[in-house]
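Chains as they are written, first to last, in the working numbering: chain A, 13 to 336; chain B, 13 to 336. Working notes, beginning with the structure itself.
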DNA sequence: TTGAAAGCGTTACCAT
DNA sequence: ATGGTAACGCTTTCAA
């Protein structure tokens with residue numbers, strides 16, 4: 013259980029070589045090692061159960077090969093799925109990820125960033141939404157996902173285009189009034205998804221339907237759903253800007269004794285696994301989480317200084333809630 | 013963006029003291045420092061933007077204050093919520109957590125364990141279910157959550173008692189036939205939750221209802237649900253051993269045009285957030301994730317060698333799917 | 001109260 | 001092809 017750790021010194025001694033040689037065989041470089049010596053070292057490593065100490069290596073090399081990931085809430089399925097994708101990408105590159113939640117609180121996020129920097133992460137992934145943190149003294153590459161950060165690279169889903177495509181689809185079903193459930197604007201400007209919703213309506217010559225602004229949560233969606241249902245101009249379709257909200261909307265509709273999609277159609281943005289088994293299964297505009305993860309990790313590790321935002325197209329997934 | 017890192021040496025120089033003194037003030041020990049010197053050092057730290065290098069510290073101290081966490085699937089809400097709870101507990105103790113998924117694959121889990129050990133984690137949390145890994149050369153404390161591991165401490169939800177309580181509740185509603193949706197047995201023995209289900213039935217003098225064995229997934233639950241509905245002895249209530257499965261069961265029932273709970277009652281084990289907004293909201297036996305997390309982290313950090321299993325009681329949460 | 005220096009496990013340069 | 005060794009940034013003992 014708690015044996016004394018085997019160091020590279022022990023291996024060298026056992027194999028009758030210098031520590032440098034052990035290093036050469038462990039790292040397959042930078043110098044060649046004769047086959048027989050190599051074999052001896054390998055044998056020593058096996059016998060002794062030697063495991064290289066990544067901490068010492070990191071100190072020496074100046075890189076931990078560790079990524080830091082901060083999401084607003086690790087318990088949120090969207091962020092959990094994103095995190096999983098990031099871990100997978102990182103793992104494929106020999107990186108490991110320190111994941112933590114900021115609880116949507118700027119101070120907490122700031123503290124977490126500091127902690128991760130102290131831990132010498134090689135790069136930082138910051139996921140929306142939280143207020144912009146102070147990044148002035150950050151000395152590692154950062155990429156923001158679904159979030160615009162001054163002086164940080166950013167990778168995003170095409171919120172606006174995706175939303176528009178989703179709402180277009182709803183309109184295609186003949187709906188003339190499409191309600192919107194969306195979060196509160198963070199920076200005073202209307203959120204991208206709201207813009208996409210407007211784009212679609214406008215293009216179809218329709219009036220903007222009722223809007224319910226609420227939190228990005230199931231509960232928020234539920235409240236918003238009730239609000240929309242109670243409105244004098246009750247919409248015949250609802251576009252929810254997140255899965256969580258959509259699920260809440262669904263509950264509100266069920267409670268009202270209404271049917272989805274016959275009485276009201278629903279379409280959600282995000283497309284986490286949960287939506288596939290809601291009742292009815294939700295048609296969604298799916299965020300390309302794997303792509304976002306891939307791009308983010310690639311940028312961080314390969315250090316494309318490209319600070320310009322990269323946007324990834326979403327995917328319209330048709331299920332039952334839209335009326336297809 | 014990429015400035016040269018400020019070391020403790022720079023601080024010492026700037027403050028006109030030795031590096032030892034800087035250490036004393038940063039760590040508030042082990043020696044006292046005169047107020048004015050201390051102030052100079054603090055000032056230097058502030059001006060220079062010095063951030064201690066945790067890697068070097070870890071090397072010197074022999075501990076990284078980092079926990080490793082391996083779940084079968086970080087995208088699974090249950091594990092995501094557990095991970096969040098663990099991160100919170102760890103964070104409160106100044107620890108940070110390296111989280112990764114094993115995809116339910118023993119080889120992957122083994123590889124991840126090796127990677128984390130190389131990273132010198134101070135402790136390892138292994139979450140069920142995967143086949144037992146080889147832990148022989150692990151030299152850090154391990155705690156298994158909801159999983160029995162030879163030579164590892166373990167913290168678990170009271171599966172059997174919780175299941176029994178849930179099924180008892182169903183029986184209390186007058187159900188005489190309670191079906192079971194459960195995973196495949198991993199070690200040949202019947203799973204705890206199945207035992208609990210049997211306990212309740214037996215105690216009530218009821219026959220064991222139909223059982224559908226499937227995967228721990230929404231899809232698995234859906235298939236199992238259809239199976240149970242098609243059975244000649246269709247049960248009037250179903251106990252699902254996980255949220256994911258319950259959600260699948262719900263879908264199968266809806267598709268069959270049946271009503272929950274009027275035609276069939278459903279009760280699930282786990283109690284993740286998703287169940288609160290399913291339709292209808294699921295009554296659940298909730299796993300005490302925060303407690304599990306707290307106990308696991310405490311054991312790891314404080315190193316209670318107590319290898320005996322600790323079990324935490326579950327919580328019966330009544331919502332609508334049981335018929336209350 | 002403060003400073004010098006050893007040493008944690010590596011890597012890689014410079015010798016040999 | 002291999003060995004000796006300095007250095008990475010830090011903590012802490014020992015001396016002053």
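All C-beta atoms, glycine included, are put in the ideal place defined by N, C-alpha and C.
Legend entry - Closest Cα partner of residue 263 of chain A within the set B/17, B/68 and B/332: B/332
Legend entry - Contacts around residue 231 of chain A, its chain only, beta-carbon distance under 7 Å, and the 5 residues preceding and following it disregarded: 260
Inset, instruction - Taking residue 224 of chain A as the reference, give the member of A/191, A/116 and A/140 with the closest Cα. - result: A/191
Inset, instruction - Can you tell me which of A/52, A/49 and A/33 puts its alpha carbon nearest to the alpha carbon of residue 43 of chain A? - result: A/33
Inset, instruction - Classify residue 88 of chain B as buried or exposed, calling it buried when 16 or more other Cβ atoms lie within 10 Å of its own Cβ. - result: buried
Legend entry - Rounded C-alpha distance that separates residue 122 of chain B from residue 82 of chain B: 10 Å
Legend entry - For residue 296 of chain A, the first and last residue of its enclosing beta strand (DSSP E): 295–298
Legend entry - Integer-rounded CB distance, given that residue 150 of chain B should sit under 8 Å from residue 129 of chain B: 6 Å
Inset, instruction - Give the straight-line distance between the Cα atoms of residue 173 of chain B and residue 203 of chain B, rounded to the nearest whole angstrom. - result: 12 Å
Legend entry - Neighbour-count burial assignment, residue 169 of chain B, 16 or more Cβ in a 10 Å radius: buried
Inset, instruction - Return the chain-ordered ranges of every beta strand (DSSP E) run that is complete within the segment 109–148 of chain A and spans a minimum of 3 residues. - result: 135–139
Legend entry - For residue 327 of chain A, three-class secondary structure by DSSP: strand
Inset, instruction - Grab me the residues of residue 107 of chain B's own chain with a C-beta within less than 8 Å of its C-beta, minus the 5 sequence neighbours each way, in chain order. - result: 77, 78, 79, 134, 309 and 313
Legend entry - Where the beta strand (DSSP E) through residue 167 of chain A begins and ends: 165–169
Legend entry - C-alpha distance - residue 57 of chain A paired with residue 113 of chain B, whole-angstrom precision: 28 Å
Inset, instruction - Enumerate in chain order the residues of its own chain whose CB-to-CB distance from residue 55 of chain B is below 8 Å, with the five nearest sequence positions on each side excluded. - result: 27
Inset, instruction - Could you check what DSSP says for residue 80 of chain B in three-state terms: helix, strand or coil? - result: strand
Legend entry - Residues of the segment 250–274 of chain B with Cβ closer than 7 Å to any Cβ of chain A, in chain order: 259, 260, 262, 263 and 266
Legend entry - Partners in chain A for residue 109 of chain B, counting only beta-carbon separations shorter than 9 Å: 110, 111 and 112
Legend entry - Residue span of the beta strand (DSSP E) that contains residue 280 of chain A, given as start and end: 277–282
Inset, instruction - Indicate the three-state DSSP secondary structure (helix, strand or coil) for residue 247 of chain A in the structure shown. - result: coil
Inset, instruction - Give a yes or no on whether 8 Å exceeds the smallest Cβ distance from residue 118 of chain B to chain A. - result: no
Inset, instruction - Grab me the residues of residue 343 of chain B's own chain with a C-beta within less than 7 Å of its C-beta, minus the 5 sequence neighbours each way, in chain order. - result: The structure shown does not extend to residue 343 of chain B, since chain B spans only 13 to 336, so no value can be given for it.
Legend entry - Residue interval of the alpha helix (DSSP H) (run including residue 24 of chain A): 20–27
Inset, instruction - At 8 Å on the CB atoms, spell out the chain B contacts of residue 20 of chain A, in chain order. - result: Correct list: empty, because the minimum Cβ distance to chain B is about 13 Å.
Inset, instruction - Compute the Euclidean distance between the alpha carbons of residue 215 of chain A and residue 183 of chain A, then round it to the nearest angstrom. - result: 10 Å
Inset, instruction - Could you please tell me which residues of the segment 277–292 of chain B, in chain order, have their CB closer than 9 Å to any CB of chain A? - result: 284, 285, 286, 288, 289, 290, 291 and 292
Inset, instruction - Compare the C-beta of residue 24 of chain B with all C-beta atoms of chain A and state if any pair is closer than 8 Å. - result: no
Inset, instruction - Say whether chain A places a C-beta atom closer than 8 Å to the C-beta of residue 299 of chain B. - result: no
Inset, instruction - Give every residue of the same chain whose Cβ lies closer than 6 Å to the Cβ of residue 239 of chain A, excluding the five residues on either side of it in the sequence, and list them in chain order. - result: 224
Inset, instruction - Take the Cβ of residue 71 of chain B as the centre, count every other Cβ of all protein chains shown within 10 Å, and call the residue buried at 16 or more, exposed below. - result: buried
Inset, instruction - Provide the residue(s) that pair with residue 156 of chain B in DSSP beta bridges, ordered along the chain. - result: B/138 and B/166
Inset, instruction - Within its chain, find whatever has a CB closer than 7 Å to the CB of residue 206 of chain A; leave out the 5 residues flanking it on each side and keep chain order. - result: 192 and 194
Legend entry - As assigned by DSSP and simplified to three states, the class of residue 184 of chain A: helix
Inset, instruction - Could you tell me the distance, in whole angstroms, from the CA atom of residue 30 of chain A to the CA atom of residue 36 of chain A? - result: 10 Å
Legend entry - Beta-bridge partners of residue 179 of chain B, as assigned by DSSP: DSSP lists no partner for residue 179 of chain B.
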